[in-house]
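Take a look at the structure below.
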Amino acid sequence: MDVMCQKKSIYLWVLEIVGLLGLLALILWLSLRPKSPTVTVVDLSVPPIDNSSSSAADDDDENDGLSYTIEIDNPNRDSTIYFDDILLMFFFGQDTAATDRISAFKLDKVSKNRNRVKADARLWKALRSAISKNSTAPVKVDFSTRYRIKTMGLKSKRHEIKLQGDVQLGKDGKIFGKKKKIKLKHASKKSRVKAFHSHKKMC
């Protein structure tokens, strides 16, 4: 009987050790599990709309564009994110008003990207007309790329990311409303397929 009890005690001890090691492995995996980057539209603007400047704005080629600033954040403290080329698309309605590309780069913490992009002439006029009539107009921002995460010297496989967000522009040409920073969210499957084909054309 003593031998049987000893064997049971050993089995229980082994099971406890295995369970403890499994729990530690789970905690370690959760702590090291990489998170996807986050993207926020910090600024999106067009020249202001008013009666005195609207005619001049139509004649000024420099005004035919969108100025933007996006903030890309790496939430992983001990990892570096390696981005492929990033495709940015700006939609007014269902049509593409402007596009831009950010060259591949690596990100340790936070990156801010600023640029001014030329807008489609027809959509540019339609956008400014909508702002003039309705005081605001929506612009959809579309962010798509692929990336790898390097943790403890090892790089992951490539992950696809497709984010979108709606930004309301006011008559001052800037983001309208109390919320001045717009965090982009994951897009629908249909939008991801569209972005994949756009990326292929861009490359």
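Count along the sequence shown starting at 1, add 8, and that's the number in this note's numbering. Ideal Cβ placement from N, Cα and C applies to all residues, glycine included. Predicted, not measured: the structure shown is a model, and the values here were computed from it.
L28 is classed as exposed because its beta carbon has fewer than 16 other beta carbons within 10 Å across all chains shown. The secondary-structure analysis by DSSP pairs A134 with nothing; it has no beta-bridge partner. No Cβ-Cβ contact shorter than 8 Å links I110 with D128.
In this structure L177 touches A145 by the C-beta definition: roughly 5 Å separates them, less than 8 Å. Counting C-beta pairs closer than 8 Å gives three or more between the region 74-81 and the region 40-52, which meets the contact rule. If you draw a straight line from the Cα of D103 to the Cα of G30, it is about 52 Å long. Going by DSSP, V50 is part of the beta strand (DSSP E) stretching over 46-53.
Look at L29 here: in three-state DSSP terms it is helix.
Following the DSSP letters along the chain, one finds Q176 inside the beta strand (DSSP E) bounded by residues 167-178.
By a beta-carbon distance limit of 8 Å, I139 contacts I57. Their separation comes to about 5 Å. The Cβ-Cβ distance between V175 and V147 falls below 8 Å.
Put simply, the backbone Cα of A195 is about 9 Å away from that of G173. For K148, the enclosing beta strand (DSSP E) has its first and last residue at 144-159. Taking each of E24, F98, T46 in turn and checking the Cα distance to D150, the smallest one comes out for F98.
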